[in-house]
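Peer 1: Numbering (this note's numbering), first residue to last: 1 to 245. One structure coming up, written as structure tokens, with questions to follow.
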């Protein structure tokens, strides 16, 4: 069985720890024989993973000389960016698509997936943070330009946060100063989600942290991921310096 996560550049000296909770659309063989019953076009959509986020996270890790941890299972298997008691932990329908293998997933099946995938990912992230003297968490996600039946989303980049704005506000200032980026302040989602990955590893322990959402049509191709990584890295370093954390 393959691990539930990948870590790149574990020994890099940078302060950042780059996370990518929805890096993969892989369905392990131990879950419904590796097939959730969705057609390939659905497994290629944002409902299964964050398109382009893994490549961007890797590019940022390299540019910031910092480690990267990436999940290696689809969010439809079990969502590592949800608390264990969150009702959306194991989605049965998402953005108009029914997930057949999840329709009858009972508490025992959810517990099995938690043990196989969700908890190992979080344990690995906690261990990575614990081994560093003064870590700063950078969570990387991507969002679809438009949900079915909803208005288009104009933002290029969103900065998400809850109560701790030490890093988010300086980063928002850096992004707005660029002049050509449509910036979302806690858009397209609120950054306050109790029990999610950033709440668990950043908010509750009091570590400096920020979450970036990129619109996925802007980072679908590897070249785009590299370009955004090179562009965002100096902004992040400047924000961290201005935050004085």
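C-beta atoms are modelled at their ideal positions from N, C-alpha and C, and glycine is treated no differently.
Which ranges would you report for the alpha helix (DSSP H) in the segment 113 to 177 if only whole runs of at least 4 residues count?
Peer 2: Here the runs fully enclosed are 119 to 130 and 168 to 177.
Peer 1: Starting from the Cα of residue 40, find the closest Cα among 13, 97 and 221 and give me that residue.
Peer 2: For the purposes of this step, residue 40 is taken as residue 40 along the chain shown, with counting starting at 1. Taking only the C-alpha atoms, the option nearest residue 40 is 97.
Peer 1: Buried or exposed for residue 82, please, with buried defined as at least 16 other CB atoms from any protein chain shown within 10 angstroms of its CB.
Peer 2: Reading the chain shown from its first residue, position 82 is the one you call residue 82. Buried: at least 16 other Cβ atoms inside 10 Å.
Peer 1: Please confirm if the segment 187 to 204 is in contact with the segment 24 to 31, defined as three or more CB-CB distances below 8 Å between the two stretches.
Peer 2: Taking 8 Å as the limit for Cβ pairs, the verdict is that the segment 24 to 31 does not touch the segment 187 to 204.
Peer 1: With DSSP collapsed to three states, give me the class of residue 103.
Peer 2: Reading the chain shown from its first residue, position 103 is the one you call residue 103. Residue 103: coil per DSSP, three-state reduction.
Peer 1: Is DSSP giving residue 21 helix, strand or coil here?
Peer 2: Taking the chain shown and counting its residues from 1, the one referred to as residue 21 is at position 21. Note: residue 21 maps to coil in three-state DSSP.
Peer 1: Excluding the 5 residues flanking residue 65 on each side, which residues of the same chain have their C-beta closer than 7 Å to its C-beta?
Peer 2: As a position in the chain shown, residue 65 is number 65, starting the count at 1. If we look at residue 65 and ignore the five residues flanking it on each side, its Cβ neighbours are 12, 13 and 14.
Peer 1: Restricting to Cα atoms, I'd like to know which of 179, 58, 148 and 121 is closest to residue 94.
Peer 2: What you label residue 94 is simply residue 94 of the chain shown in a count that begins at 1. Taking only the C-alpha atoms, the option nearest residue 94 is 148.
Peer 1: Can you tell me whether residue 222 is buried or exposed, with buried defined as 16 or more other CB within 10 angstroms of its CB?
Peer 2: To locate residue 222, count along the chain shown from 1; it is residue 222. By the 10 Å Cβ count, residue 222 comes out exposed.
Peer 1: Does the distance from the C-beta atom of residue 197 to that of residue 117 stay below 8 Å?
Peer 2: Taking the chain shown and counting its residues from 1, one reaches residue 197 at position 197. Taking the chain shown and counting its residues from 1, one reaches residue 117 at position 117. The answer is no: Cβ separation not under 8 Å.
Peer 1: Applying the 10 Å Cβ sphere with the 16-neighbour rule, what's the burial state of residue 146?
Peer 2: As a first step, residue 146 must be located in the chain shown, where it is residue number 146. Classification for residue 146: exposed.
Peer 1: Assign residue 176 to one of two classes, buried (16 or more other C-beta atoms within 10 Å of its C-beta) or exposed (fewer than that).
Peer 2: Stepping through the chain shown from its first residue, residue 176 is reached at position 176. Exposed, because fewer than 16 other Cβ atoms sit within 10 Å of the Cβ of residue 176.
Peer 1: Between the C-alpha atoms of residue 168 and residue 242, what's the straight-line distance to the nearest angstrom?
Peer 2: Your numbering for residue 168 matches position 168 in the chain shown. Your numbering for residue 242 matches position 242 in the chain shown. Cα-Cα distance, rounded: 11 Å.
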